[in-house]
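Q: Following the UniProt record's numbering, the numbering of the sequence shown begins with 1 at its first residue and continues without gaps. Glycine included, every Cβ here is placed at the ideal spot set by N, Cα and C. Only a predicted model underlies this, so the values are computations on that prediction, with no experimental measurement involved.
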Amino acid sequence: MTSAAALMKAQTWLAAHQDKDGSVTAKSINKDRKPGTGAYLFMTDEATGMAALAMRR
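Listed below in structure tokens is the structure:
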């Protein structure tokens with residue numbers, strides 16, 4: 001698979017797995033965070049930011 005094809009595949013996956021508001025929900029593997037708490041929202045904000053960076057390419 002070429003780099004361009006791999007990038008397209010990854011972008012397609014990200015687009016298909018984002019939430020309706022465009023965010024990407026992330027969960028901690030270390031601790032169960034309650035939705036709406038600061039730590040939970042931080043994880044989602046961080047994942048959304050990383051996904052947005054990936055979509056820029």
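(1) Taking Cβ to Cβ, would you say Thr25 is nearer than 7 Å to Asp19?
(2) Determine whether the beta carbon atoms of Leu7 and Ala51 lie at a separation below 7 Å.
(3) Going by the beta-carbon positions, is the gap between Gln11 and Met43 smaller than 7 Å?
(4) Please report how far the alpha carbon of Ser23 lies from the alpha carbon of Leu41, in whole angstroms.
(5) Is Thr25 helix, strand or coil when you go by DSSP?
A: Taking the definition as stated:
(1) Translated into positions along the sequence shown, residue 25 becomes position 25. Translated into positions along the sequence shown, residue 19 becomes position 19. Contact flag set, yes.
(2) Sequence index remark: in the sequence shown, residue 7 carries index 7 (1-based). Sequence index remark: in the sequence shown, residue 51 carries index 51 (1-based). No, they are not a contact pair.
(3) Position 11 of the sequence shown holds residue 11. Position 43 of the sequence shown holds residue 43. The answer is no: Cβ separation not under 7 Å.
(4) Looking up residue 23 in the sequence shown gives position 23. Looking up residue 41 in the sequence shown gives position 41. If you take the alpha carbons of Ser23 and Leu41, they lie about 11 Å apart.
(5) Position 25 of the sequence shown holds residue 25. The three-state secondary structure of Thr25, taken from DSSP, is coil.
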